[in-house]
Amino acid sequence: MRRLLVSTAMCCWIAATWAVGGNPSPDEPLGKSIAVFGSQGNGKGQMQGPVGISVDADSIYIADRGNDRVQVFDKRTHEFRAAFGSRGAGPGQFNRMNEVAVDEQHLYVTDRKNHRVQVFDKSTFAFLEQFGQPGRGAGQFDEPVGMFLDEDRIYITDHENHRVQIFDKKTRKNVAQFGEPGNEDGRFFKPTGIAVDEHHIYVAEWGNNRFQVFDKETRKFVAKVDNYSKQQGEPFNRPHGIAVTEQHIYLGGVANTCIQVFDKSTLEYAGAFGEAGTGPGQIQQLHGFHVYDHKLYTPEYSNHRLQVWQVK
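Counting from 2, one number per residue, gives the positions in the sequence shown under my numbering.
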């Protein structure tokens, strides 16, 4: 039987982390589909390979990659509100967009093949600025993919540079970066999704089929879960979407057939939900994740839709 590998740093983390209620009892589902919307196409409210997702109190924002646009929906009714963007390299244009994120005033998009992040006014969707350019230096990108915002920082996975970059949210300047190419602890091979909480940074890796956990302040490696250490569940297959709550870590892969759940305090496998298919509660090719108010939002690339799950 495979065993979960727990490092010394991991033991310290478990000792320091807050106590939470543990795993749900067997009769409590880890995730339940409560809404599905969207269909394939380029009309209003239709999608062509959605990949990124962000949610606030009023709206849902979707990176509709195949249509080179961001779409905005009412959070409660899921009705179409607005769309903006087109194919290209100019301001407000996209080339294989990947993730979208919002704060109080701004909307950010990782513009993957244009090697930049674009910033828009959240109310008018007017282009404001961009940061990043092709390269390997600090503040430069080789395919920015995942993105997470906290109060002061922007965290971005720099996919082909095999690292995470951190930017000041006010100045858009690079303030830190970590990671080098490789499969050793603390290194990356094609990082994708990223999530951040009060103490830690969580990074999914497409190439190494794992997720790693880092100290938020020092950016030092803390722990990992991969196909060698994971005790149960479907093997990771190109992990992409990752999201965290007080109790759990949610992980989805482009080639996985379910959403896997891990206890955040121990990293032990807690279970899974979803299955391959096109109906409610079924999934096809998961990319970015977003958790908001006990709901997990998952765009499905091949099903050309968004699914909403009630989670613990």
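Glycine residues also receive a C-beta, built at the ideal position from the N, C-alpha and C atoms. Since the model is a prediction, treat every value here as computed from it, not as a measurement.
(request) Specify the secondary structure class of Asn175 as computed by DSSP and reduced to three states. (result) Here residue 175 refers to the residue found at position 174 when the sequence shown is read from its first residue. Correct three-state label for Asn175: strand.
(request) Only counting runs of 3 or more residues, tell me where the beta strand (DSSP E) segments fall wholly within the segment 29–117, in order along the chain. (result) 32–38, 51–56, 60–65, 70–75, 81–85, 98–103 and 107–112
(request) Could you tell me the distance, in whole angstroms, from the CA atom of Gly187 to the CA atom of Thr78? (result) For the purposes of this step, residue 187 is identified with residue 186 of the sequence shown, where counting begins at 1. For the purposes of this step, residue 78 is identified with residue 77 of the sequence shown, where counting begins at 1. In a straight line, the C-alpha of Gly187 is about 42 Å away from that of Thr78.
(message) Closest to Glu100 by C-alpha separation, out of His288, Ser303 and Ala36, would be which residue?
(response) The count along the sequence shown starts at 1 and reaches residue 100 at position 99. When each option's Cα is compared against that of Glu100, the closest is His288.
(request) On a CA-only basis, which of Gly180, Phe142 and Ala58 is nearest Asn115? Give me that one, please. (result) Your numbering for residue 115 matches position 114 in the sequence shown. Nearest option by C-alpha distance: Phe142.
(message) Please report the distance separating the alpha-carbon of Val245 from that of Ala36.
(response) Here residue 245 refers to the residue found at position 244 when the sequence shown is read from its first residue. Here residue 36 refers to the residue found at position 35 when the sequence shown is read from its first residue. Val245 and Ala36: Cα-Cα distance of roughly 20 Å.
(message) Cutting at 6 Å between CB atoms, please list the residues of its own chain near Val197, excluding the five before and the five after it.
(response) The residue given as residue 197 occupies position 196 in the sequence shown. Correct list, in chain order: Phe149, Asp151 and Tyr156.
(request) Please state whether DSSP places His163 in a helix, a strand or coil. (result) Counting from 1 along the sequence shown, the entry for residue 163 is found at position 162. Three-state result, His163: coil.
(request) Check the C-beta distance from Pro240 over to Asn228 and give it rounded, since I have them as a contact under 8 Å. (result) Mapped onto the sequence shown, residue 240 falls at position 239. Mapped onto the sequence shown, residue 228 falls at position 227. Taking C-beta atoms under 8 Å as the contact rule, Pro240 and Asn228 fail to qualify, at a distance of about 10 Å.
(request) Report the partner residues of Asn224 according to the DSSP bridge assignment. (result) Here residue 224 is taken as the residue at index 223 of the sequence shown, counted from 1. Residue 224 is actually Ala in this sequence, not Asn. Paired residues: Val214.
(message) Between the alpha carbons of Phe263 and Asn162, how many angstroms are there, rounded?
(response) As a first step, residue 263 is located in the sequence shown; it is residue number 262 there, counting from the start. As a first step, residue 162 is located in the sequence shown; it is residue number 161 there, counting from the start. Approximately 28 Å between the Cα atoms of the pair.
(message) Quick check: the Cα distance between Tyr293 and Ile54, rounded to an integer number of angstroms?
(response) Numbered from its first residue, the sequence shown carries residue 293 at position 292. Numbered from its first residue, the sequence shown carries residue 54 at position 53. When rounded, the distance between both Cα atoms is 11 Å.
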